[in-house]
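Chains as they are written, first to last, in the numbering used here: chain A, 1 to 218; chain B, 219 to 1010.
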């Protein structure tokens, strides 16, 4: 099991006290599995994704990633986990503006100490980025930037890829193209893929679906 | 307006940076202006009472006074002159300078204390009154018989009265110190030389002190401008960023129908209000700065030029208004480019918070080109330029040129760092550092200027100190100095004949030679002068030629001011023009110095008897005791060399006290500039750092890297600042000093001092970066996660 979540709870402070966002989530994923997480705005999808990605800490419950319980981990251990086990693709791409496209693709893999230049080159080639490796992210279109974010994640060979509305900022044709490439590459690397999305089209391409409503999985 | 102002509610730190930067800039500027205004008011009061500024004067060729019959002779021949007697009287609370004027003949503008309309003349003449400031009036109470009238316009330490009263008070019956020459004179007057050959005419403002104090104030103003520039750097950064961040708001307001002209007008109005508020705060702070620095400045002026400035500060309209004007002008300069961009921005231009830093980064090459032009200009001035103004222009070109070159140097350093890095984290660190350079450039320029000024000024002062100590060793060679009555002079010499190795009479008079106010010395040429006085220029036979009366040794400042060098004749008196055989240093003396042999001096001034002597002896303590016990000299009339040296060094240290204080201030302002820049940029940094955090770099590591980045950039800046400071020191020692004071000083290097200064500068940068770095290291993940929120 690459992901095992048990009774996960999280609330945020609001004007009238704490507002519960996740009220006891149970979720698991096997290696290579793909899962679409859907739900209305404010249902807690992104919060769940951030907790699984080790970007935030839950109030209660447990998250096991590749066999490791991450809920009790300190900041440094969770950072190490983000370098090597799990990786997030954001809707806003969040590339590093000061690095070239080539350096952005290699960045996480180099941080994890497992950059395979041939693999990174192939990813860039497959995603149509070979001609842009020396450019800075701000010179690329939105679709190209999202492909750089995907290449960066997959170059690091994580066991679990988390994607938060990965095609939310792209037009329909570009989104379909990016999705095809992402699925093909995830399958090739054997990573599990959890996608948070509003898009029915995107969700239908995943093996499993989970719907989040009022802080619970349906 | 509400929508525009709402930005400041969200960006409180930016608001603080803007107001504090402007307030600080205004404070340092108006503080310096306050000091200058106070000092100038004192000079004006002094000048108004002695007529230095407005009128030519006739002064004795030798001695301190002449008989008042000269005045009568000149008046009878038609010359419109007025006598002045000047001297000091002791009071229990300290000496007071007494100035005696003759109100009936004094030119109108000289008439003291509101007597131009003739009122109070009767009182002034009989029974006589003294006019003085309240503090001097207190000192005089009981010391003089006459009434003392308080007048706030009278210069500090001075009391003015009728010349007859002054002659009695100073015990100088029928004597006068000088004559003031009215501007309008009748036609066809006989030459002064024929009526009063013992007098020399000095033209208005020829005393030298005015020129010297002007150069000191120019120096102080330059420091003020430097500090103001640093403050404006802070404001420029804050305004540029604030306007960039408000681009989207401006776009929205325009889309909603608010005319562009109205928006720009509102922003200007907002700036004017901010400038006035910050300017007001700055003037208050400036008053405090001035009040703190004024005692040091007063000590410096007293030590360097003997100019008297009170240690207390008055609120003067001129510098309050100049403070507000400079705050408005500074905001205008800082905001012009940002307002211009807003005014020309297309309606649909997207909000790009990074555009500001990217555009600034692209300007690095343009700035470097401008820097090259300025540095070449500086080189040109150094080779061909002359004059104090060009000296300061040279300093400005150097400092601004180096500052403009800094961004390119920082880019280059970051690029080199990136090329040398092997790990992803360090590559990112250097790449990110390059991206930060534009945002931090102005603050780092401030650090560059402050550190260079520190290195330059401390090198100058330390070089001066070393030279001065060596100079004191040369000049204060005699182990003892004694003073006696004129009628015991010969007796003292006879007493010392067998007891001292060498007895050196200190004969001197103040006079005007070749148009330069000078001291003329008559010396007994012997081993002391031959061995201890090091000549800056001159042959081995120089002292032999002085001894035979055919030559003179002159000071460097006399040579420069008179334009007379080795081999040139010095017109001492009609028919007496010994040639210059040697040039010596005479640091700290505003007067020129001409050294003749004792016999020649006695021929020229037969009435002058030495009352002071330098004594060379290997047993100073024994001789001292003998002078007291056997000769009967009071102990107070004997001074040993070490005490004079200690006193001279103390004057030296007090003279440069204000420089040290200003150095610390500029470095503190630079550190504040870095802190404000880092804090202002902190909000922009989060979106840049959050991806690195999400990819596995810890917050602690990010905080540490932020700190390291500030120190690394500061290090590059300091590495440029040290050579720049040394060039600055060279300019100050070899160019500005020569133009301002008339002497050139050797340049010495003080590596330990530079290492310490570099440590301070890096420490200041690290301290400034510590808070933002700590904030980042402790930033809750929820703050970083906002960057990834889809609704951002």
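Note that beta-carbon positions come from the ideal geometry of N, C-alpha and C, so glycine has one too. As the structure is a prediction and not an experimental result, all values here were calculated from the model.
Rounded separation between residue i and residue j - CA only
i, j, result
"residue 823(B)", "residue 774(B)", "24 angstroms"
"residue 1003(B)", "residue 906(B)", "12 angstroms"
"residue 22(A)", "residue 71(A)", "15 angstroms"
"residue 911(B)", "residue 95(A)", "12 angstroms"
"residue 758(B)", "residue 729(B)", "29 angstroms"
"residue 545(B)", "residue 487(B)", "14 angstroms"
"residue 273(B)", "residue 694(B)", "38 angstroms"
"residue 26(A)", "residue 212(A)", "11 angstroms"
"residue 395(B)", "residue 884(B)", "45 angstroms"
"residue 593(B)", "residue 998(B)", "48 angstroms"
"residue 9(A)", "residue 24(A)", "5 angstroms"
"residue 978(B)", "residue 643(B)", "29 angstroms"
"residue 152(A)", "residue 480(B)", "47 angstroms"
"residue 30(A)", "residue 53(A)", "16 angstroms"
"residue 617(B)", "residue 782(B)", "34 angstroms"
"residue 318(B)", "residue 390(B)", "11 angstroms"
Opening and closing residue of the beta strand (DSSP E) in which residue i lies
i, result
"residue 60(A)", "60 to 65"
"residue 138(A)", "Premise fails: residue 138(A) is in no beta strand (DSSP E) and is neither H nor E."
"residue 75(A)", "Unbroken run through residue 75(A) is the alpha helix (DSSP H), 75 to 84; no beta strand (DSSP E)."
"residue 55(A)", "Here residue 55(A) belongs to no beta strand (DSSP E), and DSSP marks it neither H nor E."
"residue 278(B)", "274 to 278"
Beta-ladder partner(s) of residue i, from DSSP
i, result
"residue 224(A)", "Not covered by the structure: residue 224(A). The range shown for chain A is 1 to 218."
"residue 755(B)", "801(B)"
"residue 98(A)", "According to DSSP, residue 98(A) bridges with nothing at all."
"residue 830(B)", "701(B)"
"residue 20(A)", "11(A)"
"residue 348(B)", "366(B)"
"residue 29(A)", "3(A)"
"residue 1023(B)", "The requested residue 1023(B) does not occur in the structure, where chain B is confined to residues 219 to 1010."
"residue 394(B)", "284(B)"
Residue i, DSSP secondary structure in three states
i, result
"residue 594(B)", "helix"
"residue 739(B)", "strand"
"residue 116(A)", "coil"
"residue 121(A)", "helix"
"residue 359(B)", "coil"
"residue 198(A)", "coil"
"residue 2(A)", "coil"
"residue 236(B)", "helix"
"residue 411(B)", "helix"
"residue 795(B)", "coil"
"residue 721(B)", "strand"
"residue 906(B)", "helix"
"residue 475(B)", "coil"
"residue 130(A)", "helix"
Span of the alpha helix (DSSP H), counted from its first residue to its last, around residue i
i, result
"residue 168(B)", "The question about residue 168(B) has no answer, for chain B in this structure spans 219 to 1010."
"residue 548(B)", "535 to 562"
"residue 181(A)", "172 to 189"
"residue 838(B)", "838 to 844"
"residue 728(B)", "No alpha helix (DSSP H) holds residue 728(B); the beta strand (DSSP E) holding it covers 725 to 731."
"residue 402(B)", "Neither: residue 402(B) is in no alpha helix (DSSP H) and is coded neither H nor E."
"residue 52(A)", "45 to 52"
"residue 762(B)", "760 to 765"
"residue 913(B)", "No alpha helix (DSSP H) contains residue 913(B), which DSSP labels as neither H nor E."
"residue 636(B)", "606 to 638"
Checklist line | Positions along the stretch 948 to 970 of chain B whose CB lies within less than 8 angstroms of some CB in chain A | finding: none
Next item on the list: Could you please tell me which residues of the stretch 77 to 95 of chain A, in chain order, have their CB closer than 7 angstroms to any CB of chain B?
Entry: 79, 80, 82, 83, 88, 90, 91, 92, 94, 95
Notebook entry, point to check: Which residues, in order along the stretch 42 to 61 of chain A, keep a beta-carbon less than 8 angstroms from a beta-carbon of chain B?
Noted result: Of all residues in the stretch 42 to 61 of chain A, those with a C-beta nearer than 8 angstroms to a C-beta of chain B are 46, 50, 53, 55, 56, 57, reading in chain order.
Checklist line | Near-chain B residues of the stretch 147 to 159 of chain A - C-beta to any C-beta below 7 angstroms | finding: none
Check: Relative to chain B, which residues along the stretch 21 to 39 of chain A have a C-beta separation below 8 angstroms, given in chain order?
Finding: Residues passing the 8 angstroms Cβ filter: none.
Check: Taking Cβ-Cβ distances below 8 angstroms as the criterion, which residues of the stretch 160 to 174 of chain A are in contact with chain B?
Finding: 164, 165, 168
Notebook entry, point to check: What residues in the stretch 995 to 1008 of chain B have a beta carbon less than 8 angstroms from any beta carbon of chain A?
Noted result: Within the stretch 995 to 1008 of chain B, the qualifying residues are 999, 1000, 1002, 1003, 1005, 1006, 1007, 1008.
Item checked: Members of the stretch 183 to 207 of chain A near chain B, C-beta cut-off 7 angstroms -> none
Notebook entry, point to check: What residues in the stretch 227 to 238 of chain B bring their beta carbon closer than 8 angstroms to a beta carbon of chain A?
Noted result: If you check each beta-carbon in the stretch 227 to 238 of chain B against every beta-carbon of chain A, none falls closer than 8 angstroms.
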